[in-house]
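Asks:
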Amino acid sequence: MLKNAAIIKKLTLEQKAALMSGQGEWKSYAVNNQVPAMFLSDGPLGLRKQSGAGDHLGLNGSEPATCFPSSATLANSWNLEVVEDVGQALGKEAQALDVHQVLGPGLNIKRNPLGGRNFEYYSEDPYLAGKLAGRVIRGIQANGTIATPKHFAVNSQETRRMASNSVVDERTLREIYLTNFEIAIQEGNPKSIMTSYNEVNGTYTNESHHLLQDILRQEFGFDGYVVTDWGGDNDHIAGIKNGSNLVMPGLKQPGAREVIAAVQEGRLDEAVLDQRVDELLNVVLSSNATKKNDAIKVDWDHQHQVAYQAALKSIVLLKNEADVLPLTQETRVALIGDFAANPRYQGAGSSLVNTKNLETLKDTAQAHGVTLAGYAQGYKRVGQSDPALIAEAKDLAIKSDVVVLNVGLNEVSESEGMDRKDMTMPANQVELIQELSQLDQKLVVVLSAGSPVEMPWLDRVDAVVHGYLGGEAGAGAMWEVLTGAYNPSGRLAETYPMSYADVPFGEEFPAHRRNSYYKESLFVGYRYYDKAQKAVRFPFGFGLSYTSFTYDNLSVNDQGVEVKVTNSGQVAGTETVQLYIGKAETNILRPAKELKALPKLA
Ligand code: GLC
């Protein structure tokens with residue numbers, strides 16, 4: 017039963033065929049005054065609206081927009097309200113910039129710590145990823161903007177991303193690589209979804225009846241429209257037949273002629289084409305593309321505050337030896353590291369945001385009551401160690417009480433379109449940590465990275481605070497945590513292995529040939545390290561606080577689980593309660609425990 021039968025009846029075959037692909041890089045197709053064009057824009061951590069030359073890799077410019085913390089960062093908040101606020105802010109900014117559809121959130125599973133786009137995804141755990149994505153979708157769509165969870169599905173490596181076949185068993189497909197989308201769809205009710213470039217078990221996702229019909233629409237109840245990744249269509253007619261509604265960017269006349277010929281030659285039933293058009297029109301005709309939004313303007317200060325609060329609640333305290341943190345007002349701080357003056361605050365690729373309101377640790381120290389003994393670059397962002405920079409850093413350090421050293425991964429270490437080569441940080445930064453750790457001063461490492469790094473230096477430093485990629489307001493948020501103005505509440509949303517050698521089937525990642533075999537099956541992330549009882553550097557869900565919490569009166573009944581959480585320390589703080597469930601006696605191979613709830617705190 018077509019919901020838009022009246023309109024579809026008036027459309028010619030040519031018009032229906034044209035609607036199946038976009039009009040240029042960022043617009044869907046318009047038909048006279050019957051079907052408006054929608055403007056689609058990246059991305060998950062801020063708008064990348066391109067009015068000039070368009071591209072899907074972040075190469076050409078884009079309009080100024082707010083840069084929120086990346087998804088990997090937001091995930092560390094484990095806070096559904098925070099991420100929904102970010103979604104709402106994204107949706108509002110989109111409407112003000114006349115963007116009708118935001119191409120995010122990205123929620124693919126972090127199968128391996130070297131995944132190049134891990135910064136843009138939430139977690140190794142499908143439940144956490146789905147819950148967070150569901151609320152971001154709800155936020156984005158609150159004012160009529162369309163959200164686009166992506167990339168459906170099993171898209172967990174960047175290498176050969178357009179010609180990679182994910183070979184995965186059905187149980188793992190369902191329990192690990194689709195549960196995130198299932199939760200996100202049922203909780204967020206997205207009006208669109210983006211298919212991935214890759215194949216799953218030999219069929220391109222964008223033309224997979226099993227994925228797009230049996231699972232997505234029948235089982236998950238998805239009732240929006242399916243858009244390809246940019247250039248992600250393999251066979252346009254097969255895509256239409258199996259449930260894909262819009263190829264982006266536009267295929268222009270050749271695409272339309274291909275559809276017309278398929279119908280005229282009986283290779284594509286026109287009723288199926290009408291069904292695809294109807295699914296697309298359901299969304300377009302109820303979108304903001306049908307309204308004029310001239311009156312809506314961006315409140316940039318509000319947007320910056322949302323980015324700041326999100327960054328604040330996502331910071332993870334990993335180590336705090338002898339309570340070197342929080343810093344006191346009297347503490348003389350030597351601020352060292354190129355990232356402290358030129359922040360690493362977002363990822364690279366299609367998610368790139370042109371932010372105009374970027375805070376740096378160096379410039380915001382005083383505003384947060386921090387007494388700087390000075391700043392030194394310490395290392396070149398990319399390249400070899402520089403003895404002069406190291407010497408300058410050491411000279412500054414010895415004039416201070418505490419060194420705050422901002423290091424991590426630079427822009428060439430992790431990016432869309434490529435996977436990381438290893439889990440190490442740049443050697444010149446590791447050398448600087450080694451040099452500074454030999455001085456008498458306390459050494460606080462502030463990490464800026466979108467995915468796990470090896471930390472052979474951990475025992476030689478006094479504290480580690482992880483800001484991930486904190487967005488435009490990440491620096492101010494970091495000072496709030498370092499000075500104790502905010503008690504860190506972030507928890508890791510992915511495991512930090514001791515070394516990459518411990519990663520299951522790590523030597524086979526990424527697949528450099530067509531087939532990527534998901535041999536670890538269900539045992540992704542903590543599901544593996546728990547089951548294998550393998551020690552990790554920092555476990556999934558880990559994070560310290562400036563206070564302590566006690567758990568009492570745990571009770572389990574058929575209504576659920578209750579526990580009493582008490583702040584037993586000296587300062588206020590937020591505890592992230594995590595509920596895992598396992599089955600002691602089981603004759604089915606399964607993870608030892610799995611995250612099943614983020615309990616609401618009474
Ligand atoms: C890119 C990305 C996708 C993005 C799209 C448009 O290749 O895979 O996430 O939304 O193209 O830029």
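Under this note's numbering, the residues of the sequence shown are numbered 17 to 618, in order. Even for Gly, the Cβ is constructed at its ideal location relative to N, Cα and C.
Which residues bound the alpha helix (DSSP H) around Gly247?
Replies: Segment: none, Gly247 is in no alpha helix (DSSP H) and carries neither H nor E.
Asks: Out of Ser180, Leu452 and Phe135, state which residue places its alpha-carbon closest to the alpha-carbon of Gly483.
Replies: Comparing Cα positions, the closest option is Phe135.
Asks: Could you check where the alpha helix (DSSP H) with Asp568 kicks off and where it finishes?
Replies: Per DSSP, Asp568 belongs to no alpha helix (DSSP H); it is in the beta strand (DSSP E), Phe565 to Asn573.
Asks: Going by beta carbon distance, what residues of the same chain come within less than 6 Å of Arg348, once the five residues before and after it are set aside?
Replies: Result list for Arg348: Thr387, Ala389, Ser416 and Asp417, in chain order.
Asks: Let's test the definition: count the other Cβ atoms within 10 Å of the Cβ of Asp622 and tell me whether it reaches 16, buried, or not, exposed.
Replies: Residue coverage of the chain in this structure runs from 17 to 618, which leaves residue 622 outside it and unanswerable.
Asks: Measuring straight from C-alpha to C-alpha, what distance separates Gly40 and Asp245?
Replies: Gly40 and Asp245: Cα-Cα distance of roughly 14 Å.
Asks: Excluding the 5 residues preceding and the 5 following Leu658 in the sequence, name in chain order all residues of the same chain whose CB lies nearer than 7 Å to its CB.
Replies: The structure shown has nothing for residue 658, since the chain only spans 17 to 618.
Asks: Would you mind sorting Pro270 into buried or exposed? The rule is 16 or more other CB atoms within 10 Å of its CB.
Replies: So Pro270 ends up on the exposed side.
Asks: Give the secondary structure of Asn205 by DSSP, where H, G and I count as helix, E and B as strand, and everything else as coil.
Replies: In this structure, Asn205 counts as coil in the three-state DSSP scheme.
Asks: Can you tell me the Cα-Cα spacing of Ala33 and Arg273, whole angstroms?
Replies: Near 8 Å, if we compare the C-alpha coordinates of Arg273 and Ala33.
Asks: Restricting to runs no shorter than 4 residues, where is the alpha helix (DSSP H) found entirely within the region 360-411?
Replies: Qualifying alpha helix (DSSP H) stretches, in chain order: 377-380.
Asks: In the structure shown, what three-state DSSP assignment does Thr211 receive?
Replies: In the structure shown, Thr211 sits in a strand (DSSP, three-state: E or B).
Asks: Kindly indicate the opening and closing residues of the alpha helix (DSSP H) around Ile11.
Replies: Here the chain covers residues 17 to 618 and nothing more, so residue 11 does not appear.
Asks: Using the Cα positions of Pro60 and Asn304, report the straight-line distance between them to the nearest angstrom.
Replies: One C-alpha to the other measures close to 19 Å.
Asks: Nearest by alpha-carbon distance to Trp495: which of Asp402, Leu333 and His528 is it?
Replies: Of Asp402, Leu333 and His528, the residue nearest in Cα terms is Leu333.
Asks: Name, in chain order, the residues that DSSP records as bridge partners for Pro513.
Replies: According to DSSP, Pro513 bridges with Val552.
Asks: According to DSSP, Ser619 sits in a beta bridge with which residue or residues?
Replies: Past the edges of the chain, shown from 17 to 618, lies residue 619, and the structure says nothing about it.
Asks: Looking at the strands, I want to know which residues DSSP matches up with Asn531.
Replies: The partner list for Asn531 (beta bridge, DSSP) reads Asn181.
Asks: Regarding Gln116 and ligand 1, is the C-beta to nearest heavy atom distance less than 8 Å?
Replies: Inspection of the sequence shows that residue 116 is occupied by His rather than by Gln. No, Cβ of His116 sits at least 8 Å from all heavy atoms of ligand 1.
Asks: Going by beta carbon distance, what residues of the same chain come within less than 6 Å of Gln31, once the five residues before and after it are set aside?
Replies: Cβ within range, chain order: Val47.
Asks: Can you tell which of Glu408, Gly399 and Asp379 has the C-alpha that lies nearest to the C-alpha of Gln393?
Replies: Checked all of Glu408, Gly399 and Asp379; the closest Cα to Gln393 is Glu408.
Asks: If you measure between the beta carbons of Val552 and Asp518, is that distance less than 9 Å?
Replies: It is a contact, given that the beta carbons lie within the stated cut-off.
Asks: Closest to Gln586 by C-alpha separation, out of Asp568, Val593 and Tyr562, would be which residue?
Replies: Cα-wise, what sits closest to Gln586 is Tyr562.
Asks: Do Ser44 and Ala53 have their CB atoms nearer than 9 Å?
Replies: Contact flag set, yes.
Asks: Could you give the distance in angstroms between the alpha-carbon of Ser37 and the alpha-carbon of Met210?
Replies: Answer to the nearest angstrom: the Cα atoms are 14 Å apart.
Asks: From Arg606 to Gln454, what does the alpha carbon distance come to, in whole angstroms?
Replies: Approximately 46 Å between the Cα atoms of the pair.
Asks: Thinking C-alpha only, which one of Leu35, Asp315, Pro472 and Asn76 is nearest Leu267?
Replies: Of the candidates Leu35, Asp315, Pro472 and Asn76, the one whose C-alpha sits nearest the C-alpha of Leu267 is Leu35.
Asks: Please report the straight-line C-alpha distance between Leu614 and Ile23, rounded to a whole angstrom.
Replies: If I take the Cα positions, the gap works out to 45 Å.
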